[in-house]
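In the order they appear, the protein sequences are chains G and F. Take 3 as the starting number for the first sequence in my numbering and just add one per residue. Take 666 as the starting number for the second sequence in my numbering and just add one per residue. Working notes for the structure below.
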Amino acid sequence: MSNRSKVLYIVLLLGALAAPFIGYPIFLMKVLCFALFACAFNLLIGFTGLLSFGHAMFFGGAAYLCAYAAKTWGFTPELAVLFGTVGAAILGYFVGWLAVRRQGIYFAMVSLALSQMIYFICVQAPFTGAEDGLQNVPRGKLFGLFSLADDTTMYYFVLAVFIFGFWLIYRTIHSPFGQVLKSIRENEPRALSLGYDVDKYKLVAFVISAGLAGMAGALKSLSLGLATLTDVSWQMSGEVVLMTLLGGMGTILGPVLGATSIIAMQNYLSSFGSWVTIIMGATFVVCVLAFRRGIVGEIAHRLKK
Amino acid sequence: MTEIFGVPTQALMGQLMIGLVNGSFYAMLSLGLAVIFGMLNVVNFAHGAFYMMGAFFSWMLLNYFGVNYWWSLLLAPVGVALVGIVIEKTMLRWLYQLDHLYGLLLTFGIALIIEGIFRDQYGVSGQPYDLPEIFKGAFDLGFMMLPKYRAWVVVACLSVCLATWFVIERTRLGSYLRAGTENPKLAQAFGINVPLMVTLTYAFGVGLAGLAGVLAAPVYQVSPLMGSNIIIVVFAVVVIGGMGSILGAILTGLALGLIEGLTKVFYPEASATVVFVIMAIVLLIRPAGLFGREK
């Protein structure tokens, strides 16, 4: 890591630690959860070149699992989040196992279709509470000791998990394994001919991404206290794509920035109803046509020149 | 009353008929997707939105201008095709040199915009579209009642699909189109106006979706959400059939509609997921799809 980026990360960390004294903890927690979700998604699209259009199934699936475990079985928060994460990773294994059989555009359609299947299962399953979802999920006591009922305390728990997830993604990208993923993104036939079992690498990346997306969903259901059908819907899958695209695909901090912008926009425009959808659609169009590097990608590009 | 596997024949036939109607829509939509993908290399996520737009245009023509169903069948798809031309000319054409993913993302954004606009205007509840007088009632076939309109939808969809197949596979225009798909540069060198062909292909593909919407308007409620509900199923249909073959797309669409109908009779809980389950099985056995070729 260069000195400049070290300074940047330290400044960001200090900012994140000070944030709940300036902004609303609930809003900040939501931002962190979606930032982790987008970072996990970016591991696939930005560093492996796989567009999963169904990541909501991991996010929402884990949100349900975590909420159910915390509410019905009285799991402590760390165990509930772990339960959701592991559940999402297992689901990710099966989905990835099916989806890596097809490439490019078909991969996107397969993941979208499988995610819709999970959506319908969630609509019908007895433990998801159908239209109402699971509400009033208790935050519980961390390790059975510290109560997380206070928003600021909860925020620091979310921040700690976020940093862990972010670090894991950072390590993955900068490991030899991550280099192979990048080579698959750049030129899959070549990676194959060099003797790498491309499908296996893709599958591992998919499972990591699914697990971390699940971790984000589980955190979200604890901090906001609810898990609903919105979390597993295709719109959610689209949102995470937009966050990553807007922030910058294949950049490390881009998804964080993208998630922050989109969540802030939804927050401020929530009274405009359908216009949120229209603006999100328009953002997609503008990003794809004129702004494919995303915010962070564009800044990095300018700095290089 | 006669029964098959413990299910009254009437109910079974009724569900099969509904399945066939759904299957006709799947066939028409996946056909349009396949034609567009062949020529533009774009998976048109907005296809469902154009289907919804067709239904709404026909509803608006009837309720605001008093234009009857038959004129709607012509005017609404043309209107949708015109919107398609504008989108192709102003946006899609900049993406042909890029990764396919960008086309999918752009059309996803367009789908959100179209859906958002109609939702802003009409809310999420459906608007009923009155059946034209001639289609009210049903034929009595002895073993079942066949609602006239459903029979018409199936006949109309299949005729359009077969006509499309004929034009693409058997006429000069179709041969230009296939040449443009196969090798655009060479086709251009032989004097075929490829960019024009591309625009017309997109217009035709989304026009088909619009026509499906007009046909669907009296069967379902005309609702802004009808497009996104169907497009994901159609994607699964396309994965199952593979986008390489036109007849393949038509057959897969019809077959899956029928299977969905059957599932509604024998195991209703699975009727929403059965298409996706079949997709998973096909991916295990024939990853390239039933009619697809592995690239």
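Beta carbons: idealized from backbone N, C-alpha and C, even for Gly.
Residue environment for G:R173: exposed (fewer than 16 other C-beta atoms within 10 angstroms of its C-beta). When 8 Å is used as the limit between beta carbons, F:T938 is near these residues of chain G: M119, F122 and I123, in chain order.
Apart from the 5 residues on each side of it in sequence, F:Q792 sits with its Cβ closer than 6 Å to the Cβ of W724 and V887 in its chain, given in chain order.
Interface criterion met: the Cβ of G:W236 is under 8 Å from a Cβ in chain F.
Contact between the segment 726 to 741 of chain F and the segment 914 to 921 of chain F is not established, with fewer than three Cβ pairs separated by less than 8 Å.
No Cβ of chain G is located within less than 8 Å of the beta carbon of F:V947. The beta-bridge partner set that DSSP reports for F:K929 is empty. At a C-beta separation below 7 Å, F:F941 has these neighbours in chain G: A115, L116, Q118 and M119.
With respect to the 8 Å criterion, F:G878 and F:Y716 are classified as neighbours on the basis of their beta carbons. Three or more Cβ pairs closer than 8 Å define a contact, and the segment 682 to 697 of chain F meets that threshold against the segment 815 to 831 of chain F. Cβ-Cβ distances below 6 Å link G:L53 to I47 and A110 in the same chain, with the five nearest sequence neighbours on each side left out; the list follows chain order. Rounded to whole angstroms, the separation of the alpha carbons of F:G697 and F:V871 is 7 Å. Using a CB distance below 7 Å, the part of the segment 911 to 939 of chain F facing chain G consists of E934, A937 and T938, ordered along the chain.
Residues of the same chain with a CB within less than 8 Å of the CB of G:V278, apart from the 5 flanking positions on each side, are M267, Q268, L271 and S272 in chain order. What G:A110 touches in chain F, judged by beta-carbon distance under 8 Å, is V708, L766 and L769, going in chain order.
Residue-level contact by beta carbon fails for G:V88 and chain F, as no gap is shorter than 8 Å. By the Cβ test, the segment 191 to 199 of chain G is not in contact with the segment 91 to 105 of chain G, since fewer than three Cβ pairs between them sit closer than 8 Å. Separation of G:F168 and G:S263 (C-alpha to C-alpha, rounded to the nearest whole angstrom) is 18 Å. In the DSSP assignment, F:M810 falls within the beta strand (DSSP E) that extends over M810 to P812.
G:L136 is bridged by DSSP to G:A229. In the structure shown, the three-state DSSP call for G:V125 is helix.
Residue nearest to G:V242 within the set G:A229, G:G260, G:L226 and G:L231 is G:G260 (criterion: CA-CA distance). Contact annotation for G:W169 against chain F: no contact, minimum CB-CB distance about 28 Å [criterion: below 9 Å]. Counted as a single uninterrupted DSSP element, the beta strand (DSSP E) harbouring F:A803 occupies residues A803 to D805.
Residue burial is scored here from C-beta neighbours: G:G76 has fewer than 16 other C-beta atoms within 10 angstroms and is therefore classed as exposed. Under the three-state reduction of DSSP output, F:Q792 falls in the strand class. Taking each of G:A71, G:R304 and G:G283 in turn and checking the Cα distance to G:G240, the smallest one comes out for G:G283. Note on F:Q680: 16 or more other CB atoms within 10 angstroms of its CB, so buried under the neighbour-count rule. Sequence-ordered contacts of the segment 750 to 761 of chain F with chain G read M756, W759 and L760 [C-beta pairs closer than 8 Å]. Non-local beta-carbon contacts of F:I683 in its own chain, meaning distances under 6 Å to residues more than five positions away in sequence, involve G926 in chain order. Secondary structure of F:F956 (DSSP, three-state): coil. Secondary structure at G:S149: strand, using DSSP grouped into helix, strand and coil. By the rule that beta-carbons nearer than 8 Å mark a contact, F:M725 does not touch chain G.
Closest option to G:F164, judged by alpha-carbon separation, among G:A115, G:A40 and G:Q237: G:A40. For F:L796, the closest C-alpha among the options F:V789, F:Q786, F:R758 and F:Y814 is that of F:Y814. Within the segment 29 to 69 of chain G, no complete alpha helix (DSSP H) segment of 4 residues or longer occurs.
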